[in-house]
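Visitor:
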Amino acid sequence: MSKQTDIQGTEASSTTGTNQVFRPYERLVDIKVLGKTFQVPEKNTILRCFQYISPETIPYGRFCWNQDCQYCRVVGKLVDDDQPHELLSANFWSAPAWKSLNSAPN
Ligand code: FES
147 MSKQTDIQGT EASSTTGTNQ VFRPYERLVD IKVLGKTFQV PEKNTILRCF QYISPETIPY
207 GRFCWNQDCQ YCRVVGKLVD DDQPHELLSA NFWSAPAWKS LNSAPN
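First residue of the sequence shown: 147, per our numbering; consecutive thereafter.
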């Protein structure tokens with residue numbers, strides 16, 4: 147097994163002059179979304195990880211990315227949590243400790 151040592155990042159062009167979509171990361175971590183496990187870049191917000199999983203949909207969603215719209219609200223549970231709790235996916239970071247993420251009830 148080889149150890150991954152290069153820092154990775156994915157870039158995409160934009161009209162705003164910024165082109166760094168994902169924060170630099172060294173490895174992928176497992177998160178479980180709606181019962182399915184995905185590998186996503188560490189050190190990125192969960193919403194950004196959703197974009198990593200679904201690059202054709204999330205960038206076109208009505209997300210403000212800064213806690214104003216509340217559209218990114220999900221229910222999540224960390225490995226050590228007794229109960230799931232609601233959180234804003236644009237405000238929490240990816241980590242292997244995420245046991246599950248689901249849509250928040252409306
Ligand atoms: S994307 Fe607007 S609050 Fe999360």
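Even glycine gets a Cβ: it sits at the ideal position worked out from N, Cα and C.
Out of 245, 231 and 167, which has the shortest C-alpha to C-alpha gap to residue 189?
Guide: The count along the sequence shown starts at 1 and reaches residue 189 at position 43. The shortest Cα separation from residue 189 among 245, 231 and 167 belongs to 167.
Visitor: Anyone know if the C-beta pair for residue 235 and residue 220 falls short of 8 Å?
Guide: Locating residue 235 in the sequence shown gives position 89, where the first residue counts as 1. Locating residue 220 in the sequence shown gives position 74, where the first residue counts as 1. Their beta carbons are under 8 Å apart, which means residue 235 touches residue 220 by this criterion.
Visitor: Within its chain, find whatever has a CB closer than 8 Å to the CB of residue 148; leave out the 5 residues flanking it on each side and keep chain order.
Guide: Your numbering for residue 148 matches position 2 in the sequence shown. Summary for residue 148: the model assigns pLDDT 37, below 50, so the residue's position carries little reliability, and this model does not support an answer.
Visitor: Find the nearest neighbour of residue 170 within the set 226, 191, 207 and 206, judged by alpha-carbon distance.
Guide: Reading the sequence shown from its first residue, position 24 is the one you call residue 170. Minimum Cα distance to residue 170 is reached at 191.
Visitor: Is residue 219 helix, strand or coil by DSSP?
Guide: Counting from one through the sequence shown, the residue named residue 219 turns up at place 73. Of the three classes helix, strand and coil, the one that applies to residue 219 here is strand, per DSSP.
Visitor: Thinking C-alpha only, which one of 228, 197, 179 and 202 is nearest residue 250?
Guide: Counting from one through the sequence shown, the residue named residue 250 turns up at place 104. The candidate whose alpha carbon is nearest that of residue 250 is 179.
Visitor: From 237, 202 and 225, pick the residue whose C-alpha is nearest to that of residue 193; which is it?
Guide: On the sequence shown, position 47 is the one that residue 193 refers to. The residue with the shortest Cα to Cα distance from residue 193 is 237.
Visitor: If you count every other CB in all the chains shown that lies within 10 Å of the CB of residue 205, and 16 or more means buried, which is it?
Guide: Stepping through the sequence shown from its first residue, residue 205 is reached at position 59. Exposed, because fewer than 16 other Cβ atoms sit within 10 Å of the Cβ of residue 205.
Visitor: To the nearest angstrom, report how far apart residue 150 and residue 200 are at their CA atoms.
Guide: Looking up residue 150 in the sequence shown gives position 4. Looking up residue 200 in the sequence shown gives position 54. Per-residue confidence for residue 150 stands at a pLDDT of 40, beneath the threshold of 50, marking its modelled position as unreliable; the derived number appears in the next sentence. Their Cα atoms are separated by approximately 24 Å.
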